[in-house]
Structures are given as structure tokens and as C-alpha cells.
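Chemist:
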């Protein structure tokens, strides 16, 4: 069966694709004024976007560069938000940004997504954890983070390495993986 082109998918699907891609550009910008809400909204959007865009008719070969470009935009605004907020772990955020930037560049040069396993995205979970602490603890956030930085670091490492493996090495569909665990 031939996959439809963007011109053949229909107006409703085209509108859906445009709205989702627009959200992938707009939501990261909102991370600067709303790190908690926009950060988590972006996380959810990035988790489900492929499951929405590809069935709507967007080819995977078109989706991947859009997704990776939107991801990079997100990383930029995470660094800006941490810098503007004078977050205590700004140096780590910048270091993780540089690490992932190397992975992004290698991906765009090689088109091999396995590079992301070797240049993991530790930036996003660190950002989301601190944004969450900051949202709920405001003035106490630096001290709360400092007291829990070792378990946070261990969690981020374990979570992201399995995530990068599942997503970019094993290329498992998470919904299939989870349903297989329970069947």
C-alpha cells in the first residue's frame, strides 16, 4: 500500500499536522516564562507527537528532522529559562546542552539516531525536575535540590539511558513494549 503525500491526506489531517507542528514550536518558547507548565506540556507533546503525526500522514522521513529541530529549540529555551532564573545548576544545564548539541549535529550529519544513545539528553529531565521543585518549593528550591542531588542524578542517568536505548537503539514502540509486559 502506498503512503499518501501531504497533498493527498485531506484537509482535516493537514490542519492537524500544522497544529501539532506549530505547538512543537510555540510550547518551547513558553518554557522561559512558565518552566514548569510549558516544560511538562512539551514533554507530553514530544512523547505523543509521532503517534499523532505519522498516522495523520506525515512521513517518518519528514517527521524526524521536524522532531529533532523542535527538540533542539526546546533545549535552547531550557538553557535560557535556567539562565534567566539563575538556577544553581546552570553549569550542568549548559554542559548537558553542549553534550546533546554534539548528538544533534551528528544526527543531522549521519542521519543515524543511534548517536543519541552516546550523547544522551540529560538536560530535559534535569530541567523538569528542578522546574517541578521550583514550582512547588519556590524559595527553598536550591536547598531542596542540593539535599537530593545524588538520588536525582542517579534517577536521571538510569531513566535517560534506558530511554535513549529504547528510543534510538532498540527502536521499540513503548506502547507495544508495555502491553507485551502485561500479556
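In the numbering used here, the protein residues as written are 133 to 315.
A virtual CB, placed ideally from N, CA and C, is assigned to each residue, including glycine.
This structure is a prediction, so every number in the text was calculated from the model and none was measured.
What's the C-alpha gap between residue 311 and residue 226?
Modeler: For the purposes of this step, residue 311 is taken as residue 179 along the chain shown, with counting starting at 1. For the purposes of this step, residue 226 is taken as residue 94 along the chain shown, with counting starting at 1. Taking the straight line joining both Cα atoms gives about 37 Å.
Chemist: Can you give me the C-alpha to C-alpha distance between residue 252 and residue 178, rounded to a whole angstrom?
Modeler: Taking the chain shown and counting its residues from 1, one reaches residue 252 at position 120. Taking the chain shown and counting its residues from 1, one reaches residue 178 at position 46. Cα to Cα, residue 252 sits roughly 16 Å from residue 178.
Chemist: From this set, 256, 192, 241, which residue's C-alpha is nearest residue 205's C-alpha?
Modeler: Locating residue 205 in the chain shown gives position 73, where the first residue counts as 1. With distances taken between Cα atoms, residue 205 lies closest to 256.
Chemist: Where in the region 201 to 227 do unbroken runs of the beta strand (DSSP E), each at least 3 residues long, occur, reported from the N-terminal end onward?
Modeler: Correct list: empty.
Chemist: Would you kindly work out how many angstroms separate the C-alpha atoms of residue 301 and residue 235, rounded to a whole number?
Modeler: Along the chain shown, read from residue 1 onward, the residue named residue 301 stands at position 169. Along the chain shown, read from residue 1 onward, the residue named residue 235 stands at position 103. Near 14 Å, if we compare the C-alpha coordinates of residue 235 and residue 301.
Chemist: Which of the three DSSP states is assigned to residue 246 in this structure?
Modeler: Residue 246 sits at position 114 when you count from the first residue of the chain shown. Reduced to three states, the DSSP call for residue 246 is coil.
Chemist: Classify residue 125 as helix, strand or coil using the three-state DSSP reduction.
Modeler: Nothing about residue 125 can be read from this structure; the chain reaches only from 133 to 315.
Chemist: Mind the definition here: the region 182 to 202 touches the region 281 to 289 only if three or more C-beta pairs lie below 8 Å; say whether that holds.
Modeler: At 8 Å Cβ cutoff, the stretches do not touch.
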